[in-house]
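Working notes, structure below.
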Amino acid sequence: MEDAEVPEFFICPISLQIMKDPVIAITGITYDRSSIEKWLSHGHDAICPVSKQPLPRNSTLTPNRILSKLIQTWHTTNSKPTIDHHVPDPDDYMITKPYITTLLANLSNPDLFMKSLTNLEVVAAMAKENYVYGKLLVEAGVAKAMVSFVITCYKNSKTHGLLLALYILLLIYKISPSKTREYILLAKTDEIIDSLIWALGISSCDHTTTKAIRNHAMILLKIFVENTSSNLQEKLKPDFFKTIVNALSKTSLMTQHGTKAALHIMFGACTVGKNRIMMVEAGAVFVIIELELSGLVREKRTSELSMQVLFNLCRSADGRAELLRHAAGIAVVTKRMMKVSPMLDEAAVSIISLISKFSGTDWVVNEMLRVGTVSRLCMVLQSNCDSGLKEKAMEILRRHTHVWKDSPCADHLLLTMYTK
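When the letters of the sequence shown are read in order and numbered with full-length UniProt numbering, they come out as residues 1 to 420.
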């Protein structure tokens, strides 16, 4: 039997080994008992090694019976018969709706909420493989409870437990998207969106926690924005876009999923004219260009989204001015052309068309020649792309051929062929 992949939450944060006797510290973090007891006995300033929260040496370590049972089952399924993996057998228990309801009730208890969140996270993780657990979580109202918890964190400016709540909410959405959407439609939209925007700006935690919080919050924000009424797009404020653009600019704190979610939000908001203005004013054009230059946009759909957002922002004079103000603006759009997908080609050629038509100064026309835009437009005409896209490329070439035809950088044969 090949070695099975070990689930990440089976690993002790201290020993980095599969836990044999998982226990929950009062900070809500689960460790292997021997590892955390050794940590505390060596006098590490009574600080939780993961959360950096105070952890008194005489504090209670509660057995994580759910996780212990899960690890035991995993060993039974995946271990070779000759190898003995001893895991303490937990007391008999059943994951039932009353059990989950009790965990939710304990969220309001300052001494128990972290333990409850940790157990809910384990059940939610198990629910990915067990439909019954997922159904219990949904029926018990875990999504509603997590939304309320996140809102409470926001109102009290407290981050303790926030990461777990965001993660559980994401897991619940993946388990039952339709039921979660039903709750979203009934939720206090303004409060949860304000809470997620607040989470996107958190910087007081360590790098790993901050990154996880921001990306979970961005993905959840996308889910909430997409599943609420269309009127929401018309109510968005400048701070909403400033926070998203700022988060997107911190590339070291964004994952591919988080980046994609941010671009989804921006693309959806582009349907409202004033939103495009607010995004331009928030610096979105510069940030998207820098994002493309960073090389971090590797997924096709993410590249398409970034170029589609850029096109929508360039529909305004201010948006075009911002693109031209960036030294690599035209070059970035040109570089992406004919390399990713027809959808991206459409957006890129449309951007160049707008720039050419409304901002075609001598500098712009010469910049297009310098960075290879003219050659790429000729490639469009030689490709099997949509006829409408070819016509758009032809219009650009015809519009400025009187300048380009005398340049040693231009392909005179192609220009003559396509602009007669």
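Think of the CB as a built atom: it goes at the ideal place given N, C-alpha and C, for glycine as much as any other residue.
Note that this is a predicted model, so its numbers are computed, not measured.
Helix, strand or coil at residue i [DSSP, three-state]
i: aspartate 239; result: helix
i: valine 285; result: helix
i: glutamate 121; result: helix
i: aspartate 386; result: coil
i: isoleucine 24; result: strand
i: proline 54; result: strand
i: isoleucine 213; result: helix
i: asparagine 78; result: helix
i: asparagine 130; result: coil
i: valine 333; result: helix
i: threonine 73; result: helix
i: isoleucine 202; result: coil
i: leucine 137; result: helix
i: alanine 328; result: coil
i: alanine 392; result: Residue identity differs from the one stated: residue 392 is lysine in this sequence, not alanine. Correct three-state label for lysine 392: helix.
i: leucine 163; result: helix
Residue span of the alpha helix (DSSP H) that contains residue i, given as start and end
i: isoleucine 352; result: 342-358
i: valine 380; result: 373-382
i: proline 98; result: 97-105
i: histidine 264; result: 256-269
i: isoleucine 151; result: 142-156
i: glutamate 367; result: 362-370
i: asparagine 109; result: Looking at the DSSP string, asparagine 109 is not in any alpha helix (DSSP H), and its letter there is neither H nor E.
i: threonine 302; result: 300-313
i: glutamate 322; result: 317-325
CA-to-CA distance, residue j to residue i, given in whole angstroms
i: proline 54; j: alanine 46; result: 6 Å
i: alanine 199; j: arginine 57; result: 31 Å
i: glutamate 129; j: lysine 235; result: 39 Å
i: aspartate 345; j: asparagine 312; result: 14 Å
i: aspartate 21; j: threonine 189; result: 42 Å
i: leucine 40; j: isoleucine 168; result: 29 Å
i: isoleucine 244; j: methionine 254; result: 11 Å
i: serine 51; j: valine 297; result: 31 Å
i: alanine 348; j: alanine 247; result: 24 Å
i: isoleucine 24; j: arginine 65; result: 10 Å
i: proline 49; j: alanine 393; result: 58 Å
i: serine 176; j: glycine 134; result: 8 Å
i: isoleucine 83; j: threonine 73; result: With a pLDDT of 40 at isoleucine 83, under the threshold of 50, the modelled position of that residue is not reliable, and no figure is offered here.
Rounded Cβ spacing between residue i and residue j (contact assumed at less than 8 Å)
i: leucine 103; j: alanine 124; result: Their Cβ separation, rounded to whole angstroms, is 11 Å, which puts leucine 103 and alanine 124 out of contact at 8 Å.
i: glycine 258; j: isoleucine 219; result: 6 Å
i: serine 204; j: threonine 159; result: 7 Å
i: leucine 163; j: isoleucine 213; result: 5 Å
i: alanine 331; j: valine 280; result: Wrong, their Cβ atoms sit about 20 Å apart, outside the cutoff.
Boundaries (first-last residue) of the beta strand (DSSP E) holding residue i
i: threonine 228; result: From DSSP, threonine 228 is part of no beta strand (DSSP E); its letter is neither H nor E.
i: threonine 30; result: 30-32
According to DSSP, residues forming a beta bridge with residue i
i: isoleucine 47; result: Pro54
i: proline 63; result: Val23
i: isoleucine 168; result: Paired residues: none, contrary to the question.
i: isoleucine 11; result: Ile18
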